[in-house]
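Take the position in the sequence shown, starting the count at 1, then add 1262; the result is the number in our numbering.
Notes follow once the structure below has been shown.
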Amino acid sequence: MTEPGAARRLAIAVGIDIASVVAFVVIGRKNHDESGSLVTGTLKVVAPFLIALALGWVVARAWRAPMAVNTGIVVWLVTLVAGMLLRKFVFDGGTALPFIIVASLFTLLSLVGWRFLAEWRAPKPAAGT
């Protein structure tokens, strides 16, 4: 990742992924009228998914192609599965089927969706080059 703009793309990808996971938690807490401190309550719920997101980045070696759809798919799967396992077994959180379904769809759309749009918008090489 030595070409110009690579560090910028990496920072953007990390930022969007973190924002996506945090948005998932904040929206979910708001929709369920969860009580407690906004900061500590959100941190407790988001922690397993942010840890899993970091693991997903390592497993996918996302720094190599942070904006690629294939990277997003691996990051999404690891974030979802590891996040649910951490939530259930380490953070004592619920993992009811409706929660898993909503989490799967939201994180798929957010972690893979923006990468799909980025690839779709990226300039295509001219034919024959």
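Yeah, the Cβ is synthetic: ideal placement off N, Cα and C, and Gly gets one too.
Judged by DSSP secondary structure, V1352 falls outside any alpha helix (DSSP H); it is assigned neither H nor E. In this structure, S1282 lies near W1376, with their beta-carbon atoms less than 9 Å apart. As the crow flies, the alpha-carbon of V1321 is around 23 Å from that of V1364. For the pair V1340 and P1387, the Cα-to-Cα distance works out to about 32 Å.
When the alpha-carbon of A1309 is set against those of V1288, H1294, K1292, the nearest one is in V1288. Across the structure, V1337 and R1326 are spaced so that their CA atoms are roughly 13 Å apart.
Between A1324 and L1348, the gap from beta carbon to beta carbon reaches 9 Å or more. One alpha carbon belongs to A1273, the other to P1385, and they sit about 20 Å apart. Take K1350, set aside five residues on each side of it, and the residues of its chain with a beta-carbon closer than 7 Å to its own are T1357, in chain order. In this structure, K1306 sits near F1353, with a CB-CB distance shorter than 9 Å. Close CB contacts of V1374 within its chain, under the 7 Å cut and outside five residues either way in sequence, are with V1331, G1334, I1335, W1338 (chain order). Between I1280 and L1312 a beta carbon distance of about 7 Å is seen, short of the 8 Å cut, so the two are scored as contacting.
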